[in-house]
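Protein chains in written order, with our numbering: chain A, 647 to 839; chain B, 647 to 839; chain C, 647 to 839; chain D, 647 to 839. Cβ atoms here follow ideal geometry from the backbone N, Cα and C, with glycine treated the same way. Note that the structure is predicted; figures quoted are calculated from it, not measured.
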DNA sequence: CATGAATGAGTATTCATTCAT
DNA sequence: AATGAATGAATACTCATTCAT
């Protein structure tokens, strides 16, 4: 009953931040939403900023966990890439809204401060990039893929994944391509015809 | 030199909005940056919101102009798509920072108000989509492209363009694929091998 | 066509002042209502305050004119008092809304400045008082009235007149006694039974 | 001494509102007068308007209390009316300046909003009216008064009371009739000669 | 006469944060 | 662990007034 309040605060804040943005969510709103008084926020956290930081860091850990639990022992490298894409096309469906916060723009107020937010976004891109790169290199080595410059292909696949993720997060359904056709497309681009 | 204070205001505001975000840019900052007093903002505009709206609407007009001035009489449909992609990979390079504002997330404060911001972003996606679709259909008709479902291909190309644009706007250079390899990639995906 | 604008300003201001109060009427509103630009107000008047002063002074002159044109050669003194009461029970019916301004509370902003407003209200009370007193004294002399202390009766009649005026001005119709019964009442109070 | 800052605010505001008017009293002034910072006003109240509303509502409650504590078991009905008049001729003498606020014109800004202010003034008139009417009817029944139409007499007495109150509140001493002569006057009007 | 442009001094209100308990 | 009360520093916006033309 006592420990929960800290979690309540985080949950309330995550909901508000992701639905209204960091700036438009006030500490009072967070407190009310968490059925808690304002000073308690300051008992558990240094301030509004730390609440935000905590949320995205926890969300990022969960994200990393999900990346790491992607199947490692697939027959083809393409399957690995496919599962990576699939993960990003369905992110947040079963989870909290916190993912939105990692991926959306960092609150401008925090950007200038070299805030964790930037770091996390940077790292997220790197994780995805190197995941893709590894697959491509392995696939090339095996002769699975039509040999393409790995760097370029990595960036292009990264772009696609980023955008699918963005559209998912922003709920822009009418512009979200369906999974099947995305897979076909990638297959055509990567595998020898 | 002193006559166009209204323009000075718009310029100052565009700079601030695009670098710090709408919420973090105060009317006082805008006034100072424009070397003008605050009430003048309210003489020329209804308020902060109208300044923002004016900027993105003007920027959108310029964007539409650029789309319309893409070459129409190319030999192949692919060339048209290529020029569309190229436009988005280089947007804002010679122009004002205003483009950033159209494409980035609308200020959360305004989203709820059915603000012009949302409309413009919607329209922008539709313009690009239908441009791509037209090219694809024409190309398919001519037998230029390997026949693929037009709808799916449209959304995938839209995703790519969006992301190139986003990376350009956010100046995420290290994740921006280079133009040449993007073109190669698209060619492989669209043209018969 | 040219001279009128000054009058237009006064008219517009009088309307606004009497309907919304002095403080809540802005110079911009006055200018717009008068179909004139703001600086013209300052060409014709020293400022908002002078506009107000002009209005109430003109309205007061008109008021004095009406008092002076009350019938002087009546058979009885009571008739004179009756016509005075009648005047105040119907004030503003055929005239401009300016009367409201003389009689309502002066704008607090101006009170502190020993503004004309106060003077005028003071004078108005004095005019009515001495009109009543004269009638009472004459009536007493003639034996028309039951001899009552003139000072006290004056103040009581003044109170009644003030309140009828106030209710008229504030359009509190449900609390306005009708003319006939007021006359009866006064007759009973003044004339010997 | 420091606990009741909320009361300090109400007191300071009541003083300022009644001496300078609602519009001319700024939240900063109120805060300073109450030896408090501005945001505290907003901690205890929703805003300037709520401060005003609170004041007049409390003052009205006190007014109603005073009306209800007028002697009920007098020998004559006239005595009741006399005590009602007396109450209004001396209002505010021992109490706070808040009474002024109920009776004076509502701030124009608030009138348009169907503010409590209007309601209260309406109710006040109704309370006084029905008090008078009850006395008159009882007095007529007993044969105490010379039978006059009750409705008309009610409105005339209401007018007198209103005006005495107004003059008291506005401190227009030179136009305030003295109590003794008012009573004589009413007696003559109501009682059979 | 007339006005477009411009401003100094406010003005109610908000917000993250802190202090005493 | 928790809170009621309090505040410094903004923050968008307003208004009477003036200046150059």
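| Asked | Found |
| --- | --- |
| Residue 809 of chain B at chain A interface by Cβ criterion, 9 Å | yes |
| DSSP three-state assignment for residue 731 of chain C, whether helix, strand or coil | helix |
| Interface residues of the segment 772–801 of chain A facing chain B [CB-CB below 7 Å] | 795, 798, 801 |
| Amino acids of chain C, ordered along the chain, whose beta-carbon sits closer than 7 Å to that of residue 666 of chain D | 754 |
| Rounded C-alpha distance that separates residue 809 of chain A from residue 700 of chain B | 28 Å |
| Integer-rounded CB distance, given that residue 815 of chain C should sit under 8 Å from residue 738 of chain C | 7 Å |
| Spatial distance of residue 651 of chain B from residue 687 of chain B (CA atoms) | 9 Å |
| Closer than 7 Å at the beta carbon, the chain B residues around residue 834 of chain A | 835 |
| Any 3 or more C-beta pairs closer than 8 Å across the segment 746–758 of chain B and the segment 657–668 of chain B | yes |
| Neighbour flag for residue 805 of chain B against chain A, beta carbons, 9 Å | yes |
| Test: residue 669 of chain A CB closer than 9 Å to a CB of chain B | yes |
| Closer than 9 Å at the beta carbon, the chain C residues around residue 661 of chain D | Simply none; closest approach about 13 Å. |
| Under 9 Å between C-beta atoms of residue 846 of chain B and residue 837 of chain B | This structure does not reach residue 846 of chain B, given that chain B is present from 647 up to 839, and the question cannot be answered. |
| Closer than 9 Å to chain A by CB, residue 813 of chain B | yes |
| Residue 672 of chain A classed as buried or exposed, judged by whether at least 16 other C-beta atoms fall within 10 angstroms | exposed |
| Cβ-Cβ distance between residue 747 of chain D and residue 660 of chain D below 9 Å | yes |
| N-terminal and C-terminal residue of the alpha helix (DSSP H) that residue 828 of chain D is part of | 825–836 |
| Partner residues on chain C for residue 843 of chain D, Cβ-Cβ distance less than 7 Å | Summary: the structure shown does not reach residue 843 of chain D, with chain D confined to residues 647 through 839, and so no result is reported for it. |
| Collapsed DSSP secondary structure at residue 682 of chain D in the structure displayed | coil |
| Contacts that residue 839 of chain D makes with chain C (C-beta to C-beta distance below 7 Å) | 839 |
| Contact with chain D by residue 818 of chain C, beta-carbon distance below 9 Å | yes |
| Run of the alpha helix (DSSP H) containing residue 713 of chain A, from where it starts to where it stops | 694–714 |
| Sequence-distant residues of its chain with Cβ nearer than 7 Å to residue 613 of chain A (five each side left out) | This structure cannot speak to residue 613 of chain A, because chain A is shown only from 647 to 839. |
| Alpha-carbon to alpha-carbon, residue 811 of chain C and residue 828 of chain C | 13 Å |
| Residue 789 of chain A: first and last residue of the uninterrupted alpha helix (DSSP H) it sits in | It is not in any alpha helix (DSSP H) - residue 789 of chain A carries neither H nor E in the DSSP assignment. |
| Per-residue contacts from residue 821 of chain D into chain C (C-beta, under 9 Å) | 771, 775, 801, 804, 805, 808 |
| For residue 816 of chain A, the three-state DSSP class (helix, strand or coil) | coil |
| Pick from B:817, B:691, B:796, B:832 that is closest to residue 840 of chain A, judged by C-alpha positions | The requested residue 840 of chain A does not occur in the structure, where chain A is confined to residues 647 to 839. |
| Beta-carbon contacts of residue 840 of chain C that lie in its chain and below 8 Å, excluding the five residues immediately before and after | Missing from the structure shown is residue 840 of chain C; chain C here goes from 647 to 839 and no further. |
| Whole-angstrom distance between residue 706 of chain C and residue 641 of chain C, CA atom to CA atom | Here chain C comprises residues numbered 647 to 839, so residue 641 of chain C is not present and cannot be evaluated. |
| Residue 719 of chain A: contacting residues in chain B (beta-carbon distance under 7 Å) | None at all; the shortest Cβ gap to chain B is about 29 Å. |
| Buried versus exposed, by CB contacts within 10 Å (16 or more), residue 800 of chain C | buried |
| Element boundaries [alpha helix (DSSP H), containing residue 666 of chain B] | 651–666 |
| Proximity winner among C:777, C:680, C:769, C:692, relative to residue 714 of chain C (alpha-carbon distances) | C:777 |
| Cβ neighbours of residue 785 of chain B in the same chain (closer than 6 Å, five flanking residues each side left out) | 723, 791 |
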